[in-house]
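Q:
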Amino acid sequence: MDRHFLLEQAESMQNMMVDRATGGMPSDFEYAKVRSSLLSDAGITPLVPQMVKTCRSTGQFWASIKKIDQYEPRRQYIWNEFRLLLDKLEEVGSPSDSAIGETLEKFDSAHVHAAWQKTLDRRTSDPEGAITMAKSLVESVCKHIIEQVEGQEYTGKSDDLPALYRKASLALNLSPEQHMEETFKRILGGCSNIVTGLGELRNKVGDAHGQGPRPIKPKPRHAELAVNLAGTMAAFLIATLEARPHP
């Protein structure tokens with residue numbers, strides 16, 4: 005759902021709740037319509053205030069908020085409850101999101117760009133899914149690079165992410181052993197470790213594999229890290245591919 009529309013809906017709900025909490029009588033029909041919009045978008049549901057989730061009408065909300073004496077404390081309470089949601093919806097996106105997105109969009113693969121959008125969409129609402137998509141993003145980029153450099157369809161269906169990255173990095177002259185300068189060797193070795201770590205993280209906490217009796221649940225901050233690392237590596241690989249001299 006459009007972020008600008010959701011921001012308008014969140015602000016409208018906040019205003020209606022403040023109105024009801026300070027003696028007003030907002031429309032129950034409008035309240036229900038706005039509430040439905042906010043709860044129907046899985047990307048923001050975790051940030052929607054609990055009072056919106058539990059109060060199906062302005063009357064139910066009034067029964068809860070009237071327990072707080074005086075208007076000003078009620079206003080402050082409502083504003084605080086909406087702060088995280090409004091902050092999220094007001095985000096334009098980090099500079100890295102935009103830069104990586106532009107690089108991937110220009111790349112000749114709709115699947116790669118779609119994978120990036122899915123990782124961004126799932127960071128908050130579905131950390132496990134975002135981590136899985138982050139790994140899939142790098143896999144897709146590596147396969148496209150191998151195909152473009154070798155000039156034939158990629159057939160290594162059983163290759164895992166580290167193996168895919170090794171083939172792609174060798175094709176682009178990005179493997180540590182292809183360089184003599186120690187600084188480059190360390191940096192490129194670090195890139196390889198990042199990719200390996202993404203694959204291991206997905207196997208541990210992603211949503212593509214079942215977990216044991218004590219499953220590890222990643223937080224949005226873990227998904228944010230995985231997505232940022234995957235996006236950075238994908239954009240770097242694509243930029244290197246495009247910088248290669250054409251025969």
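Remember, the numbering used here sits 4 above the position in the sequence shown when you count from 1.
Backbone N, C-alpha and C define an ideal beta-carbon position, used for all residues, glycine too.
Report yes if the C-beta distance between V145 and L241 is below 9 Å; otherwise report no.
A: yes
Q: On the criterion of 16 or more Cβ atoms from any shown chain inside 10 Å, does L43 qualify as buried, or is it exposed?
A: exposed
Q: Please list, in chain order, all residues of the same chain as L35 whose beta carbon is under 7 Å from its beta carbon, the five residues on each side excluded.
A: For clarity, residue 35 is Tyr in the given sequence; the question names Leu instead. The residues are M20, S61, T62.
Q: Taking its Cβ as the centre, do 16 or more other Cβ atoms sit within 10 Å of Q18, making it buried, or is it exposed?
A: buried
Q: Name the two residues that bound the continuous alpha helix (DSSP H) containing E327.
A: Look at the range of the chain in this structure, 5 to 251, and you will see that residue 327 is not part of it.
Q: Count the other CB atoms, across all protein chains shown, that sit within 10 Å of the CB of T159; report buried if there are 16 or more and exposed otherwise.
A: exposed
Q: Q13 to N84, Cα distance in whole Å?
A: 17 Å
Q: Rounded to whole angstroms, what is the Cα-Cα separation between S16 and V38?
A: 8 Å
Q: Could you check the C-alpha separation between G193 and P53 for me, to the nearest Å?
A: Distance between the alpha carbons of G193 and P53: 44 Å.
Q: Alpha carbon to alpha carbon, what distance is there between H8 and I191?
A: 40 Å
Q: Would DSSP call H8 helix, strand or coil?
A: In the structure shown, H8 sits in a helix (DSSP, three-state: H, G or I).
Q: Short of 8 Å in beta carbon distance, which residues of its chain neighbour I323, apart from the five on each side in sequence? Order them along the chain.
A: Nothing can be reported for residue 323, as the shown portion of the chain is limited to 5 through 251.
Q: Just to confirm the assignment, what range does the alpha helix (DSSP H) spanning G203 have?
A: 186 to 209
Q: Helix, strand or coil for N177 per DSSP?
A: coil
Q: Measuring straight from C-alpha to C-alpha, what distance separates T136 and R206?
A: 5 Å
Q: Measure the alpha-carbon distance for H148 versus F111 and round it to whole angstroms.
A: 10 Å
Q: Can you tell me whether DSSP reads Q54 as helix, strand or coil?
A: helix
Q: Can you tell me where the alpha helix (DSSP H) holding T244 begins and where it ends?
A: 224 to 247
Q: How far does the alpha helix (DSSP H) with S41 in it reach, from first residue to last?
A: 32 to 43
Q: Going along the chain, which residues of its own chain have a beta-carbon closer than 6 Å to the beta-carbon of L11, five neighbours each way excluded?
A: L93
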